[in-house]
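Respectively, the protein sequence lines represent chains S and L. For the first sequence, the numbering used here begins at 1 and goes up steadily by one. For the second sequence, the numbering used here begins at 1001 and goes up steadily by one.
Number of protein chains: 2
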Amino acid sequence: MQYWEDFEVGSETIHGEHEITADEIVRFAKEFDPQPFHVDPDIEGPFGGLIASGWHTASLYMGMFVRNVLLDSASMGSPGVEELRWLVPVRPGDVLTGRSRVVDAWPSERDPGRGTIIGEHELVNQRGEIVMRMRARGFIARRPA
Amino acid sequence: MQYWEDFEVGSETIHGEHEITADEIVRFAKEFDPQPFHVDPDIEGPFGGLIASGWHTASLYMGMFVRNVLLDSASMGSPGVEELRWLVPVRPGDVLTGRSRVVDAWPSERDPGRGTIIGEHELVNQRGEIVMRMRARGFIARRPA
């Protein structure tokens, strides 16, 4: 189990790989983001084809990060994200790799049992392009004395 | 069809209502955010029960906003979000209402066919608590001459 003390500023972690399919893109978007360029596999549209909803991309990243890092840590949730950028369209067949870096960390002033981590998170496609970047806060329990 | 010119700074829109269920919370989280407090309906945990993944909450909001606004507008996607805050836990049975306000808008300098809108978006629960707030950018086509 990893506690707040175990997240060293500067440390980087590579998470799983995920190949995204047209079916997945359409299924997510029909429920959560039914814009034509996310639900119509035959579209031309402003992106020259079907692309994944940015919320789908962010959620896929979260799945990788949770399975690779948070499930083995004393995570206490997140108050939010500082900045989230969708930089390059994600298309069917893209193979996405997640990576994260601890960029800042401090103990809570209010709660001695908790600390905050600032992570910079990226998803990279098979051509090495960063398709999504975000900077997010996480609360992690401190190691019990 | 709404174009960039139709989004007036200061205008506010109320979107649909959504009652969230435990089943939905667990189904989303098993795929995208399998932390114990998002997938175990019987958990106590740091939040005193099951709560929705913040990515689920954001995606639900997007569904409302797309169906109520973007599907009738000349949306050209979004480069990202400035700030996203999860302020209050979302629990099974909560009834969420979305609302958005145009806070800034400018025409593209590079592309005469496009403008940017900055929207402030909120999800409010049945007690009037703002559970999520974000400030996001959207690209919208300009009205054809």
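Idealized CB from N, CA, C, for every residue including glycine.
Nearest Cα to L:Gly-1119 within the set L:Ala-1136, L:Gly-1048, L:Trp-1086: L:Ala-1136.
Within the same chain, and ignoring the five residues on either side of S:Glu-82 in sequence, the residues whose Cβ sits closer than 6 Å to its Cβ are Arg-135.
By the criterion of a C-beta distance shorter than 7 Å, L:Ser-1078 is surrounded in its chain by Ala-1136, Arg-1137, Gly-1138, Phe-1139, once the five residues flanking it on both sides are discounted.
At the C-beta level, L:Asp-1033 and S:Met-62 come within 8 Å of one another. With respect to chain L, the C-beta atom of S:Gly-63 has a partner C-beta closer than 8 Å. Flagged as an interface residue toward chain L: S:Gln-35, by a C-beta distance shorter than 8 Å.
Sorting L:Ser-1059, L:His-1015, L:Gly-1016, L:Glu-1017 by C-alpha distance to the C-alpha of L:Ile-1025 places L:Ser-1059 at the top. DSSP, read as helix, strand or coil, puts L:Phe-1028 in helix. When L:Ser-1011, L:Pro-1046, L:Ala-1029, L:Ile-1014 are compared, the shortest CA-CA separation from S:Gly-113 is found for L:Pro-1046.
Distance from the CA of S:Arg-67 to the CA of L:Glu-1031, rounded to the nearest whole angstrom, comes to 10 Å. For L:Leu-1123, the enclosing beta strand (DSSP E) starts and ends at 1114 to 1124. Using a Cβ-Cβ cut-off of 8 Å, L:Trp-1004 does not count as an interface residue toward chain S, since no Cβ of chain S sits closer than that to its own. At the C-beta level, S:Pro-92 and S:Ile-43 stay beyond 8 Å of one another. L:Ser-1059 carries a helical assignment under DSSP once its states are collapsed to helix, strand and coil.
The Cβ atoms of L:Ala-1074 and L:Leu-1050 do not sit closer than 8 Å to each other.
According to the DSSP secondary-structure assignment, L:Arg-1137 is paired through a beta bridge with L:Gly-1080, L:Ile-1118. Boundaries of the beta strand (DSSP E) around L:Pro-1107: 1095 to 1107. Interface criterion not met: the Cβ of S:Phe-7 is under 8 Å from no Cβ in chain L. A residue is called buried once 16 or more other Cβ atoms fall within 10 Å of its Cβ, and S:Ser-100 is buried on that count. Of the candidates L:Ile-1014, L:Ala-1029, L:Leu-1070, L:Ala-1029 places its Cα closest to the Cα of S:Leu-71. Taking the CA atoms as reference points, L:Trp-1106 sits about 27 Å from S:Ile-130.
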